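Trainee: Below is one structure. I have some questions about it.
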Amino acid sequence: MSTSISARQSAKIVDTLEEKGITGEIVQDELIGKGRLADLAEAVVRGTIPDREAFRKLLGLLPVIFHLIVNYTMSLADMIKVGGYDWVNENIIEVNFPRNENRGKFKVDAELIHFGRNISSDSAVAEMDKMGYRPATIEELLSFGVTNPEIQRQFPVVAPRFVLRGQRRTSCRLPLQVRFQAGPQPVLVEQ
Numbered sequence: 006m007s008t009s010i011s012a013r014q015s016a017k018i019v020d021t022l023e024e025k026g027i028t029g030e031i032v033q034d035e036l037i038g039k040g041r042l043a044d045l046a047e048a049v050v051r052g053t054i055p056d057r058e059a060f061r062k063l064l065g066l067l068p069v070i071f072h073l074i075v076n077y078t079m080s081l082a083d084m085i086k087v088g089g090y091d092w093v094n095e096n097i098i099e100v101n102f103p104r105n106e107n108r109g110k111f112k113v114d115a116e117l118i119h120f121g122r123n124i125s126s127d128s129a130v131a132e133m134d135k136m137g138y139r140p141a142t143i144e145e146l147l148s149f150g151v152t153n154p155e156i157q158r159q160f161p162v163v164a165p166r167f168v169l170r171g172q173r174r175t176s177c178r179l180p181l182q183v184r185f186q187a188g189p190q191p192v193l194v195e196q
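Sequential numbering of the sequence shown, starting at 6, is according to this note's numbering.
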């Protein structure tokens, strides 16, 4: 393995920084000027950087993966009640949201993905499909809200397939994506 950084690796670093909104000024002032890049490089070489989730937590960032336990035995009304929401649309009832066929408690790993623009529900679903994701079910979305109430207070978290019958499709900004695990079904943890 080569010890020098390749042109491809350099380009990927630059692309990643630009995707995150880093400018040349930020690189100079915050990463190089304040020594943060040198500190990060030293920690990498020493092997003292924790796993990615712990590292993100240390930096005050949201987790990349959210580990949920979804109880499919609860009614939609009970799931909403457990969530303690300040307001609930009166149309969010069982008849408008067909129930998932799963029964029991399932472990589901979820990710929040921001498309960086307003996007229609259909386009969001198409892009998620290309990425190997699917939209959250209503049960997963409510479980996310119960487990992470502070996040839904910071910004809207939606699942783009949930449009009430008779309503027109709307654009969404932050859909909750659920990653496929060994197939499209969540993993049963308790019946």
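By construction, the Cβ of each residue, glycine as well, lies at the ideal position given by its N, Cα and C atoms. Every value quoted in this text rests on a predicted model; they were computed, and no experiment measured them.
1) Measuring straight from C-alpha to C-alpha, what distance separates V272 and P55?
2) Quick check: the Cα distance between Y77 and N94, rounded to an integer number of angstroms?
3) Considering only the beta carbon of each residue, do P165 and M133 sit closer than 9 Å?
4) Taking the C-alpha atoms as reference points, what is the distance between V75 and Q157?
5) For G89, count neighbouring Cβ atoms within 10 angstroms of its own Cβ and tell me buried if that reaches 16, exposed if not.
6) Counting only beta-carbon atoms, is R122 nearer than 9 Å to chain B?
7) Give the range of the alpha helix (DSSP H) segment to which D127 is assigned.
8) Would you report the Cα separation of L42 and L36, rounded to the nearest angstrom?
9) Going by the beta-carbon positions, is the gap between N105 and T142 smaller than 9 Å?
10) Three-state secondary structure (DSSP) at V87?
11) I need the DSSP call for T175, collapsed to helix, strand or coil.
12) By DSSP, does V231 sit in helix, in strand, or in coil?
Mentor: If we stick to the structure as given:
1) The shown model of the chain, from 6 to 196, leaves out residue 272, and the question about it has no answer.
2) The straight-line gap from Cα to Cα measures roughly 21 Å.
3) Yes, they are a contact pair.
4) Rounded to whole angstroms, V75 to Q157 spans 17 Å at the Cα level.
5) Exposed, by the Cβ-count rule.
6) Any reference to chain B falls outside this structure, which holds one protein chain only.
7) Unbroken alpha helix (DSSP H) run through D127: 126 to 136.
8) Linking L42 to L36 through their CA atoms gives a straight-line distance of about 5 Å.
9) Yes.
10) DSSP places V87 in helix when its eight states are reduced to three.
11) With a pLDDT of only 42 at T175, under 50, the local geometry of the prediction cannot be trusted, and the value read off the model is given with reservation. In the three-state DSSP reduction, T175 falls in the coil class, being neither helix nor strand.
12) The displayed coordinates of the chain run from 6 to 196. Any statement about residue 231 would go beyond what the structure contains.
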